[in-house]
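Chemist: Chains as they are written, first to last, in the working numbering: chain L, 3 to 107; chain Y, 2 to 345; chain A, 329 to 496.
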Amino acid sequence: MNILQTIPLNHYIMLSALLFSIGAMGVLLRRNAIILLMCVELMLNAVNLLFAAFSVHHADGGGQVMVIFIMTVAAAEVAVGLAIIVMMFRKAGTTDINLFDTLKW
Amino acid sequence: MDTTEFLIKLILVISVFGISLLIAMYSTYAERKVAAFLQDRLGPNRAGPFGILQPVADGVKMFMKEEIIPANADKFLFIAGPSLMMLTACMTGVVIPWGGELTIGRNTFNLQITDVNIGLLYIFGVVSIGVYGIMIGAWASNNKYSLMGGLRASSQMISYELAMGISIIALVMTTGTLSTKEIVEQQSSWHWNILYQPLGFLIFLVCAFAETNRTPFDLPECETELIGGFHTEYSSMKLGFYLFAEYINMFISSAILATLYFGGYNFPFIESWGLSPNAVTIIGTLLFFGKIFFFIFFFMWVRWTIPRFRYDQLMNLGWKVMIPLALFNLFITGIITLWRNGAF
Amino acid sequence: MTLTVFYLLSALSVFSGLMVVLSRKAVHSVLYLVFCFFTIAGHYLMLNAQFLAAVHVIVYAGAIMVLFLFVIMMLNLNLAAEAQKTPWIKISAVILSGLMLLVLVASVKGAEELSAAQPQNDIGLVKNIGNILFDKYLLPFELISLLLLSAMVGAVLMGRKEPQPQNE
């Protein structure tokens with residue numbers, strides 16, 4: 003039995019939209035750079051969920067492969083992002099995003 | 002799922018859980034006895050004959066100790082840490098095939114709780130979230146030494162997980178399946194994976210030591226540098242949970258090692274003995290536990306023989322030796338697989 | 329039954345997602361996000377995408393979030409209270425994201441329902457994903473490995489301690 007016969011695709015779209023908006027809200031609301039990065043992860047995951055749902059809806063595995071690609075990109079992003087944050091913290095002693103507006107120390 | 006099947010599964014779950022706890026309990030006793038043997042001492046011999054009631058006495062002592070939660074600790078997370086550690090330790094046993102099939106009356110049932118088709122990934126997933134128990138507990142204690150222990154645990158586990166994952170990929174390339182049941186069935190008679198993946202086995206073994214935080218990789222709880230490491234602030238049964246989870250992890254890692262590389266419940270020439278299927282299953286399960294006990298003994302043997310690494314040595318070993326070796330193993334396995342499929 | 333499980337999982341994901349944003353302590357945010365990822369893995373399992381669920385747990389919960397937790401613990405961020413934005417910015421942030429949600433939902437409301445393909449239960453299995461990945465998407469797969477390599481080199485380069493300037 004296919005799951006999407008009991009759960010309409012619209013439900014997944016709504017859930018993803020909600021999670022995506024929450025992530026966007028976090029990006030606008032917080033000042034800690036690490037939390038911003040986490041909120042971006044949340045937004046990526048909302049998209050992932052939608053990809054998976056559509057992949058099942060169309061019976062096409064391409065969507066799930068795309069999710070794997072997004073995960074890889076997210077991993078690369080986090081590795082570089084956290085390295086930057088750690089370096090910023092060493093220089094400035096804080097992870098407050100508002101203090102990172104100078105171009106050169 | 003009908004009622005009989007449900008009951009059988011229930012019995013299986015409870016017995017696997019009970020056996021893991023029992024073996025973990027007696028591992029503490031065995032550890033002391035092995036240590037005593039290796040150091041030419043007697044070991045515990047007061048509680049009961051040969052000190053066989055020692056684990057019970059230890060447990061009672063643990064329960065009777067005063068429960069202390071530090072004033073500046075994050076209370077919820079302080080309790081969540083050891084609980085999570087115990088949970089992840091007990092979760093892996095689900096996909097391990099403990100034996101073949103038993104026939105009782107007209108019902109045939111499998112001595113494996115569930116055969117997921119991504120069993121290996123499941124094991125790997127549970128192992129990879131196992132570090133949270135340590136990290137949460139370490140952070141919640143609000144203690145410098147705990148924090149250092151937690152940091153060490155997480156970086157160590159992430160580093161060795163990579164090599165472990167790559168060695169598992171090489172194994173999957175030879176077996177062509179992720180289901181633990183099928184992996185064991187492919188190793189029937191003497192076709193054990195250790196013969197096809199000796200280097201992979203070595204890497205997996207070393208990484209299993211690192212993942213269970215056993216000596217020589219017990220840097221997270223290294224007494225001489227960090228007091229007690231991540232469990233410095235813990236007392237009573239919460240400390241008991243951490244220590245107990247370590248032994249369960251050891252038991253489960255031994256079971257995984259035996260399943261993946263040492264043929265699980267298979268044994269050479271068992272078919273030629275002409276036994277009934279039920280007897281074969283029971284003997285297979287007993288032999289499987291024999292292999293597990295051997296690995297548990299091996300864990301202890303190493304612990305009381307080899308001194309602890311320094312932290313930079315540990316990282317060097319992980320990143321500069323284990324990962325290149327694992328990649329080399331993967332490469333060789335790929336070439337041989339292609340060659341056997343007639344690519345050249 | 330399935331629908332109930334879906335609603336429960338969704339409520340948990342949304343709740344933990346909100347808590348990621350609203351928690352004061354960075355470590356709590358991380359743990360809520362881990363929980364959120366587990367609920368999303370639950371969604372994948374319900375969609376019968378088992379491989380995706382396993383990889384999701386291994387990559388996100390097992391590696392990425394451990395990295396976050398590691399950095400937060402290493403920088404010891406729980407000591408310094410995070411500076412807050414001004415109330416006006418906060419209110420406008422909430423309104424803006426609410427508007428975005430509104431637009432997203434509204435755009436879906438008007439859309440036609442796509443007809444579902446013939447349901448297939450086995451597309452989420454490792455075998456099928458692997459076939460698609462190494463057949464149709466081989467070039468992106470190779471490119472992504474280059475991306476990972478460059479990210480690794482970049483992270484190592486940045487994480488390295490800068491050589492101290494020589495004092496003459």
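Where a beta carbon is used, it is the ideal one built from N, C-alpha and C, also for glycine. Bear in mind that the values here come from a model prediction, so they are computed numbers and not experimental data.
Would you mind reading off the limits of the alpha helix (DSSP H) that contains residue 451/A?
Modeler: Taking the third sequence and counting its residues from 1, the one referred to as residue 451/A is at position 123. It is not in any alpha helix (DSSP H) - residue 451/A carries neither H nor E in the DSSP assignment.
Chemist: Does the beta carbon of residue 446/A sit closer than 8 Å to a beta carbon anywhere in chain Y?
Modeler: Position 118 of the third sequence holds residue 446/A. It does not: the Cβ of residue 446/A has no partner Cβ on chain Y nearer than 8 Å.
Chemist: Which residues in the same chain have their Cβ closer than 6 Å to the Cβ of residue 123/Y, if we skip the five residues on either side of it in sequence?
Modeler: Position 122 of the second sequence, counting from 1, holds the residue named residue 123/Y. Cβ within range, chain order: 96, 117.
Chemist: Looking only at its chain, what residues have a beta carbon closer than 7 Å to the beta carbon of residue 163/Y, apart from the 5 residues adjacent to it on each side?
Modeler: Here residue 163/Y is taken as the residue at index 162 of the second sequence, counted from 1. The residues are 324.
Chemist: May I ask which residues mark the beginning and end of the alpha helix (DSSP H) holding residue 249/Y?
Modeler: The count along the second sequence starts at 1 and reaches residue 249/Y at position 248. Where residue 249/Y is concerned, the enclosing alpha helix (DSSP H) stretches over 237-262.
Chemist: Where does residue 3/L land, buried or exposed, given buried means 16+ other C-beta within 10 angstroms?
Modeler: Counting from one through the first sequence, the residue named residue 3/L turns up at place 1. For residue 3/L, the pLDDT reaches just 47, beneath the cut-off of 50, and the residue's location in the model is therefore unreliable, although a value from the coordinates is still provided. The residue in question, residue 3/L, is exposed, as its Cβ has fewer than 16 Cβ neighbours within 10 Å.
Chemist: Only counting the same chain, and skipping five residues up and downstream in sequence, which positions put a Cβ closer than 7 Å to that of residue 457/A?
Modeler: Here the question's residue 457/A lines up with position 129 in the third sequence. Cβ neighbours of residue 457/A beyond the five flanking positions: 379.
Chemist: Where residue 9/L and residue 24/L are concerned, what is the direct C-alpha to C-alpha distance, given to the nearest angstrom?
Modeler: Taking the first residue of the first sequence as 1, we reach residue 9/L at position 7. Taking the first residue of the first sequence as 1, we reach residue 24/L at position 22. So the alpha carbons of these two residues sit roughly 23 Å apart.
Chemist: Drop a sphere of 10 angstroms on the beta-carbon of residue 77/Y, count the other beta-carbons inside from all chains shown, and report buried for 16 or more, exposed for fewer.
Modeler: Here residue 77/Y refers to the residue found at position 76 when the second sequence is read from its first residue. Its Cβ having fewer than 16 others within 10 Å, residue 77/Y is exposed.
Chemist: Assess contact between the segment 24-42 of chain L and the segment 339-353 of chain A, defined as three or more Cβ pairs (one per stretch) separated by less than 8 Å. Is contact present?
Modeler: Touching, yes.
Chemist: Can you say whether residue 329/A is buried or exposed, counting buried as having 16 or more other CB atoms within 10 angstroms of its CB?
Modeler: Counting from one through the third sequence, the residue named residue 329/A turns up at place 1. Under this definition residue 329/A is an exposed residue.
Chemist: Looking only at C-alpha atoms, which of 339/Y, 8/Y, 32/Y sits nearest to residue 294/Y?
Modeler: Taking the second sequence and counting its residues from 1, one reaches residue 294/Y at position 293. Of the candidates 339/Y, 8/Y, 32/Y, the one whose C-alpha sits nearest the C-alpha of residue 294/Y is 32/Y.
Chemist: Less than 6 Å between C-beta atoms, sequence neighbours within five positions excluded: which residues of the same chain meet that for residue 310/Y?
Modeler: Counting from one through the second sequence, the residue named residue 310/Y turns up at place 309. Taken in chain order, the residues that qualify are 217.
Chemist: Can you tell me whether DSSP reads residue 297/Y as helix, strand or coil?
Modeler: Within the second sequence, the letter at position 296 stands for residue 297/Y. Residue 297/Y: helix per DSSP, three-state reduction.
Chemist: Determine, using beta carbons only, whether residue 132/Y comes closer than 8 Å to chain A.
Modeler: One-based indexing of the second sequence puts residue 132/Y at position 131. For residue 132/Y, the answer is yes, since a Cβ of chain A falls inside 8 Å of its Cβ.
Chemist: Taking residue 110/Y as part of the alpha helix (DSSP H), name the residues at either end of that continuous run.
Modeler: Here residue 110/Y refers to the residue found at position 109 of the second sequence. From DSSP, residue 110/Y is part of no alpha helix (DSSP H) but of the beta strand (DSSP E) over 108-111.
Chemist: Could you round the C-beta distance between residue 472/A and residue 47/L to whole angstroms and report it? I think they count as a contact, below 8 Å.
Modeler: One-based indexing of the third sequence puts residue 472/A at position 144. One-based indexing of the first sequence puts residue 47/L at position 45. No, residue 472/A and residue 47/L are not in contact; Cβ-Cβ is about 18 Å, not under 8 Å.
Chemist: At least one CB of chain A closer than 8 Å to the CB of residue 150/Y: is that the case?
Modeler: Within the second sequence, the letter at position 149 stands for residue 150/Y. So, not an interface residue.
Chemist: I need the DSSP call for residue 43/L, collapsed to helix, strand or coil.
Modeler: For the purposes of this step, residue 43/L is taken as residue 41 along the first sequence, with counting starting at 1. Residue 43/L falls in the helix class under three-state DSSP.
Chemist: Report the rounded CA-to-CA distance for residue 21/L versus residue 383/A, giving the unit in angstroms.
Modeler: Here residue 21/L corresponds to residue number 19 of the first sequence, with the count starting at 1. Here residue 383/A corresponds to residue number 55 of the third sequence, with the count starting at 1. Roughly 20 Å between the two C-alpha positions.
Chemist: Return no unless some Cβ of chain L is closer than 8 Å to the Cβ of residue 468/A.
Modeler: Here residue 468/A refers to the residue found at position 140 of the third sequence. Yes, its Cβ sits closer than 8 Å to a Cβ of chain L.
Chemist: Does the distance from the CB of residue 331/Y to the CB of residue 167/Y come in under 8 Å?
Modeler: Along the second sequence, read from residue 1 onward, the residue named residue 331/Y stands at position 330. Along the second sequence, read from residue 1 onward, the residue named residue 167/Y stands at position 166. Result yes, Cβ atoms of residue 331/Y and residue 167/Y sit closer than 8 Å.
Chemist: Do you know offhand how far residue 421/A's Cα is from residue 28/L's?
Modeler: The count along the third sequence starts at 1 and reaches residue 421/A at position 93. The count along the first sequence starts at 1 and reaches residue 28/L at position 26. Rounded to whole angstroms, residue 421/A to residue 28/L spans 8 Å at the Cα level.
Chemist: Pull up the DSSP beta-bridge partners for residue 103/Y, would you.
Modeler: By 1-based counting over the second sequence, the position of residue 103/Y is 102. Beta-bridge pairing links residue 103/Y to 110/Y.
Chemist: Would you kindly report the start and end of the unbroken alpha helix (DSSP H) that includes residue 83/Y?
Modeler: Against the second sequence, residue 83/Y aligns to sequence position 82. Here the alpha helix (DSSP H) through residue 83/Y covers 76-92.
Chemist: Run down chain Y in chain order and give the residues with a C-beta less than 9 Å from the C-beta of residue 401/A.
Modeler: Walking along the third sequence from the start, residue 401/A turns up at place 73. Here the neighbours are 136, 139, 140, 148, 151, 152, 155.
Chemist: Is the Cβ of residue 483/A closer than 8 Å to any Cβ of chain L?
Modeler: The sequence position of residue 483/A within the third sequence is 155, counting from 1. Yes - at least one Cβ of chain L is within 8 Å of the one on residue 483/A.
Chemist: So with Cβ pairs under 8 Å, would you call residue 382/A a contact of chain L?
Modeler: Working through the third sequence from its first residue, we reach residue 382/A at position 54. With 8 Å as the cut-off, residue 382/A does not count as an interface residue toward chain L.
Chemist: Tell me, please, whether the CB atom of residue 18/Y is closer than 8 Å to any CB atom in chain A?
Modeler: Taking the first residue of the second sequence as 1, we reach residue 18/Y at position 17. False, the Cβ-Cβ gap to chain A never drops below 8 Å.
Chemist: Apart from the five residues on each side of it in sequence, which residues of its chain come closer than 7 Å, Cβ to Cβ, to residue 496/A?
Modeler: Along the third sequence, read from residue 1 onward, the residue named residue 496/A stands at position 168. For residue 496/A, the predicted structure reports a pLDDT of 49, less than 50, and the residue's modelled location is therefore unreliable. The matter cannot be settled from this model.
Chemist: Anything in chain A within Cβ reach of residue 30/L, meaning under 7 Å, just list it in chain order.
Modeler: Indexing the first sequence from 1 puts residue 30/L at position 28. Simply 421, 424, 425.
Chemist: Quick check on residue 235/Y - is its C-beta less than 8 Å from some C-beta in chain A?
Modeler: Walking along the second sequence from the start, residue 235/Y turns up at place 234. No, no contact with chain A.
Chemist: Mark residue 100/L as exposed unless 16 or more other C-beta atoms lie within 10 angstroms of its C-beta, in which case mark it buried.
Modeler: By 1-based counting over the first sequence, the position of residue 100/L is 98. Residue 100/L should be labelled exposed.
Chemist: Could you tell me the boundaries of the alpha helix (DSSP H) in which residue 396/A lies?
Modeler: One-based indexing of the third sequence puts residue 396/A at position 68. 393-403 is the span of the alpha helix (DSSP H), which, as asked, contains residue 396/A.
Chemist: Cα separation between residue 423/A and residue 429/A?
Modeler: If you number the third sequence from 1, residue 423/A lands on position 95. If you number the third sequence from 1, residue 429/A lands on position 101. Answer to the nearest angstrom: the Cα atoms are 10 Å apart.
Chemist: Below 8 Å, can you find three or more Cβ-Cβ pairs linking the segment 262-276 of chain Y to the segment 234-241 of chain Y?
Modeler: Touching, no, given that fewer than three Cβ pairs across the two stretches are closer than 8 Å.
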